[in-house]
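Oh and the sequence shown: position 438 is 438 in UniProt numbering, straight run, nothing missing.
Each remark here refers to the structure printed beneath this line.
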Amino acid sequence: MSGEAAEITVGAYLCKRLHEFGVRGVHGYAADGYARIKGMSALITTFGVGELSALAAVAGSYSEHVPVVHIVGVPNTASQKQQLLLHHTLGNGDFRVFSDMSKSISETFCTLNEAADYVKEIDRVLRTCWVRARPVYIALPTNTVFQKVDGSRLKKPIPFELDLNPEDVEQEVVDQILDLMYKSQNTVILADACSIRHRVLDELHQLVMKTNLPTFVTPMGKGAVNETLGSFGGVYVGDVSRKDVKETVEGADLVLFVGGLVTDFNSGGFTFHIPRNKTVRYAEFPGITMKYVMQRLVNQIDMSKIKVTPTTIIDNILPMRERQSMTQDITHAWMWPTLGQWLREKDVVITETGTAIFGLLETRFPADVTAISQVLWGSIGYSVGALQGAALAVHEQKVERRVILFVGEGSLQLSAQEISTIIRHGLTPIIFVLNNDGYSSERKIHGAEAKYNDIHEWKYTKLLDLFNANPEKSKTYQVRTKTEMEKLLMNKSFATGKYIELVEVFMPKQDAPRALEVTAQNTARLNKVLNV
1 MSGEAAEITV GAYLCKRLHE FGVRGVHGYA ADGYARIKGM SALITTFGVG
51 ELSALAAVAG SYSEHVPVVH IVGVPNTASQ KQQLLLHHTL GNGDFRVFSD
101 MSKSISETFC TLNEAADYVK EIDRVLRTCW VRARPVYIAL PTNTVFQKVD
151 GSRLKKPIPF ELDLNPEDVE QEVVDQILDL MYKSQNTVIL ADACSIRHRV
201 LDELHQLVMK TNLPTFVTPM GKGAVNETLG SFGGVYVGDV SRKDVKETVE
251 GADLVLFVGG LVTDFNSGGF TFHIPRNKTV RYAEFPGITM KYVMQRLVNQ
301 IDMSKIKVTP TTIIDNILPM RERQSMTQDI THAWMWPTLG QWLREKDVVI
351 TETGTAIFGL LETRFPADVT AISQVLWGSI GYSVGALQGA ALAVHEQKVE
401 RRVILFVGEG SLQLSAQEIS TIIRHGLTPI IFVLNNDGYS SERKIHGAEA
451 KYNDIHEWKY TKLLDLFNAN PEKSKTYQVR TKTEMEKLLM NKSFATGKYI
501 ELVEVFMPKQ DAPRALEVTA QNTARLNKVL NV
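Here it is, written out as structure tokens:
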């Protein structure tokens with residue numbers, strides 16, 4: 001950056017700083033998916049109508065610890081001072097009402113008006129977004145965009161590193177953890193969402209490889225560890241877990257809970273049966289950076305003092321009833337283990353809130369698979385926008401990775417227009433539309449046959465044509481039987497990454513993944529207890 005001009009506009013300065021963080025495009029609802037691949041993203045909206053439309057998406061990024069920079073173009077400062085009744089306002093002269101709405105879903109915010117130190121504020125807000133892994137808000141008045149600032153500040157990159165822990169405190173924390181591990185007869189590792197969001201996957205991998213301890217993930221931790229390792233035991237979801245997984249995790253006398261985020265759907269309806277006095281998790285050491293603790297822990301651990309017990313064996317094996325079944329219906333119990341065999345290393349797998357999220361728990365990933373979902377926020381339709389952002393991020397990285405979406409037809413109807421943007425950018429994801437005649441997740445919780453869980457049928461395989469995809473660069477399929485799906489998955493010309501492909505998968509109306517069935521029962525039971 002030595003060639004930077006002495007002066008630069010505020011808008012250009014902001015863009016160059018975003019570039020330092022790997023941001024190569026500015027997005028709308030796709031920002032969340034882009035950030036989960038590249039590490040950070042940005043979206044720009046207009047004042048009022050635009051930013052309010054994005055609030056649900058930004059709130060989802062906040063709840064799920066995804067770093068997104070929300071830049072809002074606001075009216076010029078003179079108009080604000082005069083309280084002019086401009087379009088996109090409430091007509092009351094209040095220009096702060098919308099930014100106030102964003103404060104609770106932003107880690108920090110700033111308004112780049114005349115009183116602000118533009119450069120200092122931009123650097124502060126962007127670093128906060130990166131370090132805290134949560135959205136931030138920047139209000140950019142139209143007359144500020146072209147204000148000149150000192151471009152020489154760009155010569156000094158914004159520091160990416162986390163603040164160091166006090167060495168004596170960090171060592172004390174590590175000593176406590178090691179003492180517990182050395183005394184333990186049966187330690188397991190449980191990886192959750194914040195191990196991914198707060199960038200401790202390298203340290204987690206080193207811990208798993210060095211200790212060979214039985215390792216499990218939560219639904220939000222899917223993809224955090226190499227699931228091909230012999231020490232990988234599956235997905236722990238409290239009472240929703242497979243019996244052998246539940247017994248192994250809950251039978252441990254010490255659980256190293258890395259990046260824990262105990263939410264209802266992530267914990268099987270709050271049915272984690274892991275006593276606090278047997279759990280080491282980040283929250284037990286407030287103010288201490290997890291990444292550096294784990295680095296020191298891995299370096300100092302004495303394996304001669306660690307006892308390792310065998311873990312459960314998990315694989316993409318069909319349940320016995322599916323192997324013996326004579327029906328050709330594509331059921332969830334059959335499909336997800338089958339898809340687990342079809343997935344490849346480094347795939348990006350995006351699952352929609354609903355059956356897809358729960359079904360994916362039954363698959364064992366190849367190595368280096370990235371899983372994207374919204375287990376906590378649970379905004380249906382999220383996945384299609386996230387697909388666009390993730391596919392664009394992969395395209396920018398110029399690596400060979402398939403980007404695959406599993407979405408129910410009901411959720412697709414909320415955000416299908418994002419497929420048009422995907423086509424416009426020349427992106428080539430594989431989209432599986434799970435057509436089970438309505439909102440299956442809702443049917444399991446309430447109203448199995450209720451009209452409000454029915455939806456109007458679309459011709460889903462016509463969507464690519466509707467959005468004017470190049471016929472030579474797009475393909476669509478329909479599969480109604482197990483045989484048809486097996487034939488498609490084995491087709492070497494399918495899912496090569498050269499085309500955008502859409503597969504409509506017809507499934508029984510009342511069929512659902514095992515995990516969803518149990519979760520729905522737990523949710524209904526919890527609602528009764530709470531008198532909801």
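Idealized CB from N, CA, C, for every residue including glycine.
Keep in mind it's a predicted model, so treat the numbers as computed, not measured.
Is residue i helix, strand or coil by DSSP?
i, result
"Y439", "coil"
"A57", "helix"
"residue 533", "It is not possible to answer for residue 533, since the shown part of the chain is limited to 1 through 532."
"A30", "coil"
"V145", "coil"
"S41", "strand"
"L140", "strand"
"V49", "helix"
"E7", "strand"
"L201", "helix"
"P159", "coil"
"A164", "In the sequence under discussion, the amino acid at residue 164 is Leu, which differs from the Ala named in the question. Coil."
"I177", "helix"
"H70", "strand"
"Y13", "helix"
"L427", "coil"
"I189", "strand"
"residue 548", "Outside the shown range of the chain (1 to 532) lies residue 548, about which nothing can therefore be said."
Grab me the residues of residue i's own chain with a C-beta within less than 6 Å of its C-beta, minus the 5 sequence neighbours each way, in chain order.
i, result
"I105", "V58, A59 and Y62"
"A391", "V403, L427 and P429"
"S184", "D253 and L254"
"Y137", "H70, S102, S106 and F109"
"N226", "A367"
"Y460", "V433 and E504"
"I422", "Q388"
"V240", "G268, A515, V518 and T519"
"T309", "N186"
Taking just the CA atoms, how far does residue j sit from residue i?
i, j, result
"T218", "T144", "45 Å"
"A371", "M335", "18 Å"
"H446", "T271", "21 Å"
"S2", "I8", "Caution applies to S2, whose pLDDT of 46 falls short of 50 and renders its modelled position unreliable; the model cannot decide the point."
"A56", "L178", "42 Å"
"K482", "M490", "12 Å"
"Y34", "S304", "43 Å"
"T248", "T311", "7 Å"
"residue 534", "A333", "For residue 534 there is no data in the structure shown, the boundaries of the chain being 1 and 532."
"D123", "I196", "24 Å"
"D264", "A520", "11 Å"
"M326", "L297", "52 Å"
"K509", "T331", "10 Å"
"A515", "L112", "48 Å"
"V375", "P513", "15 Å"
"R364", "V348", "14 Å"
"R96", "K451", "42 Å"
"L164", "G287", "11 Å"
"I455", "Q417", "17 Å"
"S411", "M181", "45 Å"
"V119", "K148", "10 Å"
"Q206", "L343", "24 Å"
Less than 8 Å between C-beta atoms, sequence neighbours within five positions excluded: which residues of the same chain meet that for residue i?
i, result
"S379", "A56, A57, G60 and T353"
"A6", "D150, G151 and S152"
Given a cut-off of 8 Å on the beta-carbon distance, is the pair residue i and residue j in contact?
i, j, result
"M40", "C129", "yes"
"V173", "V26", "no"
"S267", "G238", "yes"
"T289", "L464", "no"
"T355", "G408", "yes"
"A469", "A30", "no"
"N453", "E442", "yes"
"V235", "I189", "no"
"F216", "V169", "no"
"F74", "A139", "According to the sequence shown, residue 74 is Val rather than Phe. Yes, they are a contact pair."
"V384", "I419", "yes"
I'd like the list of long-range same chain contacts for residue i, defined as Cβ closer than 7 Å, with 5 residues on each side in sequence excluded.
i, result
"E203", "K291, M294, Q295 and V298"
"G48", "H88, T89 and F98"
Which runs of the beta strand (DSSP E) spanning at least 3 residues fall entirely within the stretch 443–523, listed in chain order? Whole beta strand (DSSP E) segments, 3+ residues: 474–479 and 500–506.
So within the stretch 336–423, which uninterrupted alpha helix (DSSP H) runs reach at least 4 residues, ignoring any that extend past its ends?
Scanning the stretch 336–423 for uninterrupted alpha helix (DSSP H) segments of 4 residues or longer gives 355–359, 382–397 and 409–415, listed from N- to C-terminal end.
Which residue spans inside the stretch 212–297 form an unbroken beta strand (DSSP E) run of at least 3?
-> Segments of the beta strand (DSSP E) lying fully in the stretch 212–297: 215–217, 232–235, 254–258 and 279–281.
- Message: Which complete alpha helix (DSSP H) runs does the stretch 74–130 hold, if anything under 4 residues is left out?
- Response: Listed in chain order, the complete alpha helix (DSSP H) runs (minimum 4 residues) inside the stretch 74–130 are 77–81 and 97–103.
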